[in-house]
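Here is the structure we will look at.
Residue numbers (the UniProt record's numbering): 1 to 89.
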């Protein structure tokens, strides 16, 4: 399972792993309610559609979809490293 972290975390906040390969990466995460910028204007994501391996982002109050590369959004930090959950006692 992929673990998500807030976009305010920096790679320094994530413990370093021994080895040459990093287990952290950043990418935009689009979901309903996310605030994005399109052509310098603030917009809100309504819903997302994936069709024929293409991602289309629909914005509140707009007809038609927008390509994700047209939107500005702070990337979210993800980790592929497993972290054991603390045991509940």
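Note that beta-carbon positions come from the ideal geometry of N, C-alpha and C, so glycine has one too.
All values derive from a computational prediction rather than experimental measurement.
**Message:** Taking its Cβ as the centre, do 16 or more other Cβ atoms sit within 10 Å of residue 74, making it buried, or is it exposed?
**Reply:** exposed
**Asked** Nearest-angstrom Cα distance between residue 60 and residue 88?
**Response** 41 Å
**Request:** Compute the Euclidean distance between the alpha carbons of residue 4 and residue 26, then round it to the nearest angstrom.
**Result:** Note that residue 4 has pLDDT 44, beneath the 50 cutoff, so the model's placement of it is unreliable and no number is given.
**Message:** By the DSSP assignment, the beta strand (DSSP E) with residue 39 in it spans what residues?
**Reply:** No beta strand (DSSP E) contains residue 39, which DSSP labels as neither H nor E.
**Message:** Give me the residue from 77, 79, 67 and 72 with the minimum Cα distance to residue 40.
**Reply:** 72
**Item:** Close beta carbons around residue 50, own chain, < 8 Å, minus the five adjacent residues each side
**Value:** 56
**Prompt:** From the DSSP output, which residues share a beta bridge with residue 76?
**Reply:** 27
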